[in-house]
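Colleague: Take this structure first; my questions come after.
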Amino acid sequence: SKTNRPLPPHPTIHKPQLTPTLPISHRIPGASLATMLLVSLSLPKVGHLSLTFENHVVVSHNSHWLVLLVNFAFLASCYHPSNGVRHSWWDSGFILDLSQAYTPGILMLFRAARSASSNLL
1 SKTNRPLPPH
11 PTIHKPQLTP
21 TLPISHRIPG
31 ASLATMLLVS
41 LSLPKVGHLS
51 LTFENHVVVS
61 HNSHWLVLLV
71 NFAFLASCYH
81 PSNGVRHSWW
91 DSGFILDLSQ
101 AYTPGILMLF
111 RAARSASSNL
121 L
(Lines of atoms letter the chains of each structure in order from A; the text may use other names.)
(Lines give C-alpha, C1' and ligand atoms only; values in the text may rest on other atoms or scores of the structure.)
Protein backbone atom coordinates (compact mmCIF):
# COMPACT_ATOMS: atom_id res chain seq x y z
CA SER A 1 0.00 0.00 0.00
CA LYS A 2 1.35 3.37 -1.03
CA THR A 3 1.09 6.15 1.51
CA ASN A 4 0.35 9.70 0.52
CA ARG A 5 3.49 11.30 1.92
CA PRO A 6 4.97 14.44 0.45
CA LEU A 7 8.28 14.10 -1.31
CA PRO A 8 11.33 15.49 0.50
CA PRO A 9 12.42 18.88 -0.79
CA HIS A 10 14.96 18.76 -3.56
CA PRO A 11 18.21 20.75 -3.10
CA THR A 12 17.76 22.53 -6.41
CA ILE A 13 14.67 24.42 -5.23
CA HIS A 14 16.25 25.69 -2.00
CA LYS A 15 18.82 28.43 -1.88
CA PRO A 16 22.04 27.53 -0.04
CA GLN A 17 22.21 28.83 3.51
CA LEU A 18 25.29 30.27 5.16
CA THR A 19 24.81 28.80 8.64
CA PRO A 20 25.10 25.07 7.76
CA THR A 21 27.67 25.68 5.02
CA LEU A 22 30.34 27.38 7.14
CA PRO A 23 30.76 24.63 9.79
CA ILE A 24 31.02 21.99 7.07
CA SER A 25 33.49 24.04 5.09
CA HIS A 26 35.50 24.64 8.28
CA ARG A 27 36.35 20.94 8.51
CA ILE A 28 37.68 20.63 4.95
CA PRO A 29 40.61 23.10 5.25
CA GLY A 30 41.29 21.91 8.80
CA ALA A 31 41.66 18.30 7.70
CA SER A 32 43.69 19.37 4.67
CA LEU A 33 46.07 21.49 6.76
CA ALA A 34 46.51 18.66 9.27
CA THR A 35 47.23 16.20 6.46
CA MET A 36 49.73 18.56 4.83
CA LEU A 37 51.46 19.07 8.17
CA LEU A 38 51.74 15.34 8.82
CA VAL A 39 52.97 14.65 5.28
CA SER A 40 55.52 17.46 5.44
CA LEU A 41 56.83 16.19 8.79
CA SER A 42 57.10 12.60 7.57
CA LEU A 43 58.43 13.41 4.08
CA PRO A 44 62.10 13.81 5.08
CA LYS A 45 61.99 10.40 6.77
CA VAL A 46 60.99 8.59 3.57
CA GLY A 47 64.07 8.06 1.42
CA HIS A 48 62.73 8.06 -2.13
CA LEU A 49 60.23 10.85 -1.43
CA SER A 50 62.60 13.24 0.30
CA LEU A 51 63.63 16.36 -1.55
CA THR A 52 67.09 15.35 -2.64
CA PHE A 53 68.65 17.18 -5.58
CA GLU A 54 67.25 14.72 -8.14
CA ASN A 55 63.76 14.92 -6.70
CA HIS A 56 64.02 18.70 -6.41
CA VAL A 57 64.72 18.88 -10.16
CA VAL A 58 61.63 16.75 -10.87
CA VAL A 59 59.46 18.92 -8.60
CA SER A 60 60.76 22.14 -10.14
CA HIS A 61 59.83 20.93 -13.63
CA ASN A 62 56.32 20.06 -12.46
CA SER A 63 55.89 23.11 -10.28
CA HIS A 64 52.27 23.89 -11.24
CA TRP A 65 51.07 21.22 -8.78
CA LEU A 66 53.31 22.63 -6.10
CA VAL A 67 52.01 26.16 -6.74
CA LEU A 68 48.40 24.94 -6.51
CA LEU A 69 49.17 23.11 -3.27
CA VAL A 70 50.88 26.14 -1.73
CA ASN A 71 48.02 28.44 -2.80
CA PHE A 72 45.44 26.07 -1.33
CA ALA A 73 47.40 25.80 1.91
CA PHE A 74 47.70 29.58 2.09
CA LEU A 75 43.99 30.20 1.49
CA ALA A 76 43.07 27.46 3.96
CA SER A 77 45.39 28.97 6.57
CA CYS A 78 43.57 32.31 6.16
CA TYR A 79 40.05 30.84 6.17
CA HIS A 80 40.38 28.22 8.91
CA PRO A 81 41.43 30.52 11.81
CA SER A 82 38.84 33.15 10.84
CA ASN A 83 36.08 30.58 10.85
CA GLY A 84 37.46 29.08 14.05
CA VAL A 85 36.99 32.39 15.88
CA ARG A 86 33.41 32.62 14.63
CA HIS A 87 32.77 29.02 15.63
CA SER A 88 34.21 29.68 19.10
CA TRP A 89 31.67 32.47 19.54
CA TRP A 90 28.92 29.96 18.80
CA ASP A 91 30.41 27.43 21.24
CA SER A 92 30.52 30.14 23.93
CA GLY A 93 26.82 30.82 23.50
CA PHE A 94 27.05 34.12 21.64
CA ILE A 95 25.19 34.96 18.41
CA LEU A 96 22.89 31.95 18.65
CA ASP A 97 19.89 33.87 17.37
CA LEU A 98 19.34 33.19 13.67
CA SER A 99 18.94 36.89 12.88
CA GLN A 100 22.42 37.54 14.32
CA ALA A 101 24.13 34.46 12.84
CA TYR A 102 24.61 35.77 9.30
CA THR A 103 26.57 38.93 10.14
CA PRO A 104 29.59 37.20 11.76
CA GLY A 105 29.64 34.64 8.95
CA ILE A 106 29.79 37.32 6.29
CA LEU A 107 32.36 39.30 8.30
CA MET A 108 34.47 36.15 8.64
CA LEU A 109 34.41 35.58 4.87
CA PHE A 110 35.48 39.19 4.25
CA ARG A 111 38.23 38.93 6.88
CA ALA A 112 39.59 35.73 5.34
CA ALA A 113 39.48 37.24 1.84
CA ARG A 114 41.15 40.44 3.03
CA SER A 115 43.84 38.49 4.84
CA ALA A 116 44.52 36.32 1.81
CA SER A 117 44.57 39.22 -0.64
CA SER A 118 46.78 41.42 1.52
CA ASN A 119 49.30 38.63 1.99
CA LEU A 120 49.34 37.73 -1.71
CA LEU A 121 50.28 41.27 -2.71
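The sequence shown runs 1 to 121 under UniProt numbering.
From the three backbone atoms N, C-alpha and C, an ideal C-beta is built for every residue, glycine too.
This one's a predicted model, so the numbers in the text were calculated from it and none came from an experiment.
1) Would you say the region 62 to 79 touches the region 100 to 119, given that touching needs at least three Cβ pairs under 8 Å?
2) Tell me the rounded alpha-carbon separation between Ser118 and Phe72.
3) If I'm right that Ala116 touches Phe74 with Cβ under 8 Å, what's the distance once you round it to whole angstroms?
4) Is Ser92 helix, strand or coil when you go by DSSP?
5) Roughly how many angstroms lie between the CA atoms of His61 and Gln100, to the nearest whole one?
6) Could you tell me the boundaries of the alpha helix (DSSP H) in which His26 lies?
7) To the nearest angstrom, report how far apart Leu37 and Leu43 are at their CA atoms.
8) Determine the direct distance from the alpha carbon of Leu96 to that of Thr21, and round the result to whole angstroms.
9) Identify which residue in Gly93, His56, Asp91 and Asn83 has its Cα closest to the Cα of Pro104.
10) Expressed to the nearest angstrom, what Euclidean distance is found between the alpha-carbon atoms of Val58 and Leu69?
11) Could you check if Pro29 is buried or exposed, using at least 16 other CB atoms within 10 Å of its CB as the buried criterion?
12) Can you give me the C-alpha to C-alpha distance between Pro16 and Ser25, rounded to a whole angstrom?
Modeller: The answer reads as follows:
1) yes
2) 16 Å
3) 7 Å
4) coil
5) 50 Å
6) Leu18 to Ser42
7) 10 Å
8) 16 Å
9) Asn83
10) 16 Å
11) buried
12) 13 Å
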